[in-house]
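Protein chains in written order, with my numbering: chain V, 1 to 735; chain W, 1001 to 1355. The C-beta atom is built at its ideal place from N, Cα and C for all residues, glycine as well. The structure presented is a predicted model; accordingly, all values stated were derived computationally and were not measured. Heads up: the structure comes next, in structure tokens.
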Amino acid sequence: MDKNFAKKKTHPVLIFWIIVGWVSYLVVPWYGVEDGFFRFEWLFDGYPFDPDYAPAAFLLVQGKKLWLAPLILPLLASFLVLRLRKSDPAYGIILILVGAIGFSWLIVQGFSIGIRGFNFNWLTALFGDLGDRQFGMGYGALLLASSFLFLFTQGIAARGAVNGDVFVVSAIGGVILVVTAFVFFPIAKMLVAAFITEEGMYSIDVFASKFFDDRIWGLGCLGGMRCGVAWNSLFLGIVVGIVTTALGLIFALIVTRSGFRYKRWLRALTVLPIITPPFVIGLALILLLGRSGAVTVFFADLFDVQPTRWFYGLPGLIIAQTLAFTPIAFLVMIGVVEGVSPSMEEAAQTLRADKWQTFRTVSLPLMRPGLANAFLLGFIESMADFGNPLVLGGNFNVLSTDIFFAIVGAQYDQGRAAVLAMVLLFFTLSAFFAQRVWLGNKSYTTVTGKGDSGVHPAMPKRLSFPVFAIAAIWGGFTVVVYLMIVFGSFVELWGVDNSLTFTHYITAFKVSYNEFGIQWIGSAWDSFWTTIYIATVAAPLTAIVGLITAYLLTRQTFAGKNAFEFGTMLSFAIPGTVIGVSYILAFNVPPIEITGTGIILVVSFIFRNMPVGVRAGIASMSQLDKSLDESSLTLGANSWQTFRKVILPLLRPAILAALVYSFVRAMTAISAVIFLVSAEYNMATSYIIGRVENNDYGLAIAYSTTLIFVMLAAVGLLQILVGKTKIRRRINIGS
Amino acid sequence: MVKINSNAAPVLFQSVTKVYGKDVVAVDDINLEIKAGKLVTLLGPSGCGKTTTLRMIAGLEMATQGKILIGDRDVTQLPATDRDVSMVFQSYALFPHMSVLENVSYGLNFSGFSKSEAFDRAVTGLDLVGLKGYGDRLPSELSGGQQQRVAVARALVLEPQVLLFDEPLSNLDAKLRRQVREEIREIQQKLGLTVVYVTHDQEEALAVSDQIVVMRNAAIAQIGSPRDLYDAPASRFVADFIGEANLLPCMIDNISGAVAEVTIEGYRHRLDANGLSTGPATMAVRPSRLDVKATEGFKAKVVKSTYVGNRMEYTLAVQSGEIFAVHEDVDNTLAIGQEITLGFFEKGPVLLPAA
């Protein structure tokens, strides 16, 4: 069948992309439309000649933006291939040239010419003043860029890359492009900003002075003063990592090694961090342990002392982050504890070791890599946490909040923000590296199939008492905190007027009807609908990018696959604050000018949450035997058809999971969002933080509680839908 | 140099039952006697209860009903830690984070030996299985066969009353299996250990065992020496499970004393009555006990003739169906379509109930 392919003279995919290229040049507005492309008002506002809305061709015809003219050459050249066969070497070469030249020129002109004419002084020196300018790229430029990219990938495929598989090569090209544009480019731009002086020049001295600043690395706290922010973050991260891992292990032991009857409820705990906006725990803790907190006041009255702000700062942060991240460690540790081969423990028993000796000499050492893994996860989460330090950090500065204040406060020191982000990135990337490189291959958990019919022994008595005690205390504490969240939303004014009331909910969510229909009066509706809207748009896109990447990683082998995998998973290790800052540094100016729009929010969600879709996809696709693909291919289908008809239908649970988790994570995001919101696009989480900063705790908590229930509903819906899929069809995977 | 002694003890099962949950009966009221110093194999298809029985001897499962005695001690309620039983697991279960020597001396450290004595005994154990000098390696640095020997050494050095093997050869390649099974048998006989061995491979069972316990559906089907089971199976199941068996319908015409006269395929033959009475019966014959070059017998026609190197395998059509026979004469073979007379060798067929 392939032989016929190569001899065919009609190339539907090729024709499609050539048409796209021409349409984007002739019909679609080239630059970004200010009021939103999809409102289509521009069609009636002077299109196609008004330079704000004109397609590239119309601009040229009017003698404007002449640097767009060279793009017509590759477009014309693309016609040359239409009559060629795929197996003709010229086919591939021409397409490669067309795509490469077109795409490169597009990028070059985009970066060279900006709002003030030439972006680089040496260009002005060379060509004289431009006398014209250009704004950020719009859908016209975007579509043309895509067209060139996919013509390029088809050319490479025709030259033999990945066995000439057009779909795979195009998918790889597409993913590389978007990840480079929206992850690597902004980060690189931000890192470079650390070297820029106030005059706009690059200087190593400036960088060095900012980097080695005492505020970052000072060791004053050893002498009673404050320590540098880097040490603070590091210390907090290590402490939280250790405590969450220990607690996670404790809960995991209860679930897997005891006869505890309510294991299901414990497992439900793992859902909590997914549906809770990160700072909500901090808020609830303030209600309990803050200066007017219930517990603080109680003990103050009891011992007749003044209530203090002991909670704000390091103690509060440790408690809040531990509460927030223990469920994640729990999830990891369940896998680790269950992964210890039961026959090892049985062997130890038949070798005269009792339960405690078995646990100490066999089980625990075998879990070591998993423990280290959980520690690193907790460390990274603590480093990246923004909401809790903002709400109850007090005088204890951490990197994530310092980055925020460097940009948002009166300072506006891009260089300092970039330097702080660099330090933060350094910590999280090191942990990420350690996790993948050092621990990735070291696994003591055995994977034998038949031989492991053994049963896990119960915990030794010496262990089970402290384990249950600690778990009970901590579990109880978690429940109390979550109850606080709900309860606090009904209190009029915490600490002052403890009467129960619906005021906060009414203020936030009041709805009324009049002759014009439903009026959303409550103050929270605006941000609420924006959040739902953005999350709904972002979720399917996240799932698509994630699943395609997962497909490429599990089902295809190609040169540079390891680098590809590393690059796509990297965004997990990049803290949200860093992404937020880098986005506003990179995307505030042309060629990609999207700050203040909804697009930047959607894009940030896609790339923050992509690892979720990728992980879900990898987990599910690993269960589908490769022979399914192979039989489809030998029956004549190509990769795209195989993906669409065989793999995708079997992935429904994974798709649903990816969709729901992307949606939920978009709703709870704060650290990147806080930089990217604007007057028009305010997200729920940043609105809540704003309320907290105005001491409007009641409203903040009421809103948070509502969000939690909305997300519970979303996750619950997922469970029902996935459960249904399982019942309706019995899938015989690969057998 | 310390010597590894034998502490061999007999094992006794009295009406032992094991039920999982409410209604999954894994072992149903079995009675079993294993003499000290003997190698007994539990043989049967998947799900017959042999592994559960083994694990009950080890103390990894507790019997729901009945009594288990090792030596003269009632161990029914004792957990594995406190029994003097060692086990070699199917997956070997070597501790990956310990060296070979640490693995082998693991059990000794919990048995009250001093560190130096444990060390000496471990070294002796390694020597016994032919792995002298491998003490410092990690399990991941050993081949499958070597890993298994470490597992055996680890179990042996404790001088257990009973040594258990759970399908020890299943992870080895075919060539290694014969060699390893002979080594296991050699060690057992040299040290005079009581060994209980689980396998589903009947050739392996026939090769190493003093006694075989054939199990089926949570119960014992037959106990006997390898020869007894092969030559005198008590039921269709055992006949079919051990080796190949042709099961032919026949008619018992009369019985005189212990001898029965049967008509099979129109041919009259005399053989041991096996406790049956006149009427329809089944005759079980091993393929190697059929004489394809007999002078006396019944008619058969050659349907398939296959050369497998060391013998010829024939499929023959008779009145009641097809028969599978083998013959070691690979030079003068029978042709397809040839009509022959099929007879029995002297010690051949066995009578079984008709059903």
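Proximal residues of chain V, C-beta to C-beta of residue i below 7 angstroms
{"i": "W:T1081", "result": "Q349, R352, A353, D354"}
{"i": "W:T1107", "result": "The question names Thr, but residue 1107 of chain W in the sequence shown is Gly. Near W:G1107 (Cβ distances below 7 angstroms), the residues of chain V are L351, R352."}
Closest Cα partner of residue i within the set the options
{"i": "V:E338", "options": "V:S489, V:D214, V:R257", "result": "V:R257"}
{"i": "V:S686", "options": "V:T358, V:G387, V:G228", "result": "V:G387"}
{"i": "W:A1026", "options": "W:L1054, W:I1323, W:G1047", "result": "W:G1047"}
{"i": "V:A434", "options": "V:A458, V:K64, V:A573", "result": "V:A573"}
{"i": "V:L151", "options": "V:A410, V:V13, V:T322, V:N588", "result": "V:V13"}
{"i": "V:N682", "options": "V:V479, V:L177, V:T595, V:F167", "result": "V:T595"}
{"i": "W:K1299", "options": "W:P1096, W:G1343, W:E1313, W:G1037", "result": "W:G1343"}
{"i": "V:M344", "options": "W:R1121, W:E1244, W:R1154", "result": "W:R1154"}
{"i": "V:D205", "options": "V:Y482, V:A619, V:V419", "result": "V:V419"}
{"i": "V:G393", "options": "V:W22, V:P315, V:R85", "result": "V:P315"}
Contacts that residue i makes with chain V (C-beta to C-beta distance below 8 angstroms)
{"i": "W:S950", "result": "For chain W, the structure presents residues 1001 to 1355; residue 950 of chain W sits outside this window and is missing."}
{"i": "W:M1215", "result": "The premise fails here: W:M1215 is roughly 17 angstroms from chain V at the closest Cβ pair, so nothing lies under 8 angstroms."}
{"i": "W:L1158", "result": "L351, R352"}
Identified DSSP bridge partners for residue i
{"i": "W:V1016", "result": "W:I1030"}
{"i": "V:W17", "result": "V:W17 pairs with nothing; no bridge assigned."}
{"i": "V:A638", "result": "The displayed chain sequence assigns Asn, not Ala, to residue 638 of chain V. Answer is none; V:N638 lacks a bridge partner."}
{"i": "W:Y1343", "result": "According to the sequence as given, residue 1343 of chain W is Gly; it is not Tyr. Beta-bridge pairing links W:G1343 to W:D1291."}
{"i": "W:T1315", "result": "W:K1304, W:F1324"}
{"i": "W:R1216", "result": "W:A1219"}
{"i": "W:F1298", "result": "W:L1342"}
{"i": "W:T1041", "result": "W:Y1197, W:I1212"}
{"i": "V:N514", "result": "V:G517"}
{"i": "W:M1251", "result": "W:T1263, W:P1280"}
{"i": "W:N1246", "result": "W:V1285"}
Three-state class that DSSP yields for residue i in the structure shown
{"i": "V:S464", "result": "helix"}
{"i": "W:K1035", "result": "coil"}
{"i": "V:N694", "result": "coil"}
{"i": "V:L493", "result": "strand"}
{"i": "V:T501", "result": "coil"}
{"i": "V:Y53", "result": "coil"}
{"i": "W:L1164", "result": "strand"}
{"i": "V:N755", "result": "This structure cannot speak to residue 755 of chain V, because chain V is shown only from 1 to 735."}
{"i": "V:V336", "result": "helix"}
{"i": "W:K1003", "result": "coil"}
{"i": "W:I1070", "result": "strand"}
{"i": "V:R615", "result": "helix"}
{"i": "V:S582", "result": "helix"}
{"i": "W:G1224", "result": "strand"}
Inter-residue spacing [alpha-carbon to alpha-carbon] between residue i and residue j
{"i": "V:A658", "j": "V:F375", "result": "25 angstroms"}
{"i": "V:G259", "j": "W:I1187", "result": "42 angstroms"}
{"i": "W:E1102", "j": "W:V1162", "result": "22 angstroms"}
{"i": "W:P1010", "j": "W:M1215", "result": "20 angstroms"}
{"i": "V:A702", "j": "V:A539", "result": "25 angstroms"}
{"i": "V:N232", "j": "V:R436", "result": "25 angstroms"}
{"i": "W:E1261", "j": "W:D1272", "result": "9 angstroms"}
{"i": "W:G1066", "j": "W:E1203", "result": "32 angstroms"}
{"i": "W:M1098", "j": "W:F1110", "result": "16 angstroms"}
{"i": "V:I19", "j": "V:I606", "result": "28 angstroms"}
{"i": "V:S571", "j": "V:F182", "result": "10 angstroms"}
{"i": "V:K442", "j": "V:R368", "result": "Summary for V:K442: the model assigns pLDDT 48, below 50, so the residue's position carries little reliability; its value from the coordinates is reported in the next sentence. Approximately 10 angstroms, taken between the alpha carbons."}
{"i": "V:F184", "j": "V:L601", "result": "17 angstroms"}
{"i": "W:T1295", "j": "W:K1301", "result": "15 angstroms"}
Per-residue contacts from residue i into chain W (C-beta, under 7 angstroms)
{"i": "V:Q306", "result": "Result: empty, since nearest Cβ-Cβ is about 54 angstroms, beyond 7 angstroms."}
{"i": "V:S343", "result": "F1089, S1091, A1093"}
Partners in chain W for residue i, counting only beta-carbon separations shorter than 9 angstroms
{"i": "V:A346", "result": "It is worth fixing the name first, because residue 346 of chain V is Glu in this sequence and not Ala. Under the 9 angstroms cutoff, chain W gives R1055, A1058, L1060, A1080, M1087, F1089, A1093."}
Neighbouring residues, chain W, relative to residue i (Cβ below 8 angstroms)
{"i": "V:Q357", "result": "F1110"}
Within chain V, partners of residue i - CB distance below 9 angstroms
{"i": "W:H1269", "result": "Going along chain V, no residue has its Cβ under 9 angstroms from W:H1269, so there is no contact; the nearest lies around 45 angstroms."}
Quiz prompt | Contact set between the segment 359 to 378 of chain V and chain C, restricted to residues whose Cβ is under 7 angstroms from the partner | solution = Judged by its chain identifiers, the structure shown contains no chain C, and its protein chains are V and W.
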